[in-house]
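In the working numbering, the protein residues as written are 7 to 212.
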């Protein structure tokens with residue numbers, strides 16, 4: 007591992023499952039003997055930060071909520087300084103292995119600045135429809151890892167999961183994609199395995 011904590015971005019539209027992914031990842035991270043911290047972003051509230059602090063999954067002092075006061079993607083891409091400062095403060099005060107940085111719920115074009123994160127994940131969900139991959143949003147196209155959540159809901163909302171798989175493969179042929187259901191505690195196991203392989207160990211070796 008690197009002496010510097012690996013910074014991992016988590017983006018995606020409102021309701022796709024970003025915070026739930028973090029809640030599922032935290033126990034796995036702890037079980038692996040790693041120490042995480044979390045930064046959440048939103049316009050004018052600290053709702054996600056409050057939720058995580060109350061969850062008991064992580065020490066409250068290791069969660070920072072950022073109120074961006076503008077479009078959430080601005081604070082993770084065009085001007086990530088407030089998030090960089092928050093990450094630096096967490097790392098200065100704590101011996102950390104990784105920092106999860108959650109974007110506020112945003113559109114399909116949200117991406118993370120390379121100045122802010124070493125690796126980033128984009129979360130979409132089947133309940134939003136099977137046309138999401140065809141819209142070719144930059145978040146889906148450029149993310150290191152795409153997580154397609156709520157696959158259990160596909161047949162109930164008229165979403166064609168096979169079509170989603172096909173369109174994702176066409177648009178991200180060389181990039182990692184995981185199909186899952188984060189309602190289940192086991193839903194993040196493959197995500198964490200991919201993070202360990204492609205982010206924690208790979209980034210630490212650079």
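Glycine is no exception: its CB is placed at the ideal position from the N, C-alpha and C atoms. For clarity, every value in this text was computed on a predicted model and none was experimentally measured.
Check                                                                                                                            : Outcome
Boundaries (first-last residue) of the beta strand (DSSP E) holding residue 108                                                  : 104 to 108
Exposure label - residue 207; buried when at least 16 CB within 10 Å                                                             : exposed
Exposure label - residue 131; buried when at least 16 CB within 10 Å                                                             : buried
Where residue 203 falls, given that 16 or more other Cβ within 10 Å makes a residue buried                                       : exposed
Where residue 79 falls, given that 16 or more other Cβ within 10 Å makes a residue buried                                        : buried
Proximity winner among 73, 62, 178, 98, relative to residue 143 (alpha-carbon distances)                                         : 178
Reduced DSSP category for residue 170 - H, G, I as helix; E, B as strand; rest coil                                              : helix
Sufficient close CB pairs (3 or more, under 8 Å) joining the region 147 to 166 to the region 39 to 48                            : no
Under the three-state DSSP convention, the category residue 100 falls into                                                       : coil
Contacting residues, own chain, Cβ-Cβ under 8 Å from residue 23 (five flanking each side not counted)                            : 129, 131, 153, 155, 156, 188
Through-space distance from residue 181 to residue 170, alpha-carbon basis                                                       : 15 Å
Cβ pair residue 134, residue 17 closer than 8 Å                                                                                  : no
Range of the contiguous beta strand (DSSP E) that encloses residue 2                                                             : This structure does not reach residue 2, given that the chain is present from 7 up to 212, and the question cannot be answered.
Counted within 10 angstroms of its Cβ, other Cβ atoms place residue 239 as buried (16 or more) or exposed                        : Within the shown structure, residues of the chain are numbered from 7 to 212, placing residue 239 beyond reach of any answer.
Beta-carbon contacts of residue 75 that lie in its chain and below 8 Å, excluding the five residues immediately before and after : 49, 50
Proximity to residue 87 [Cα-Cα], best of 123, 21, 104                                                                            : 123
Residue 7 in three-state terms, based on DSSP                                                                                    : Residue placement at residue 7 is poorly supported in this model, since its pLDDT is 46, which falls under 50; the coordinates are not used for a value here.
Beta-carbon contacts of residue 3 that lie in its chain and below 7 Å, excluding the five residues immediately before and after  : Only positions 7 to 212 of the chain appear in this structure, which leaves residue 3 out of reach.
Whole-angstrom C-beta distance between residue 101 and residue 41, which should lie under 8 Å                                    : 6 Å
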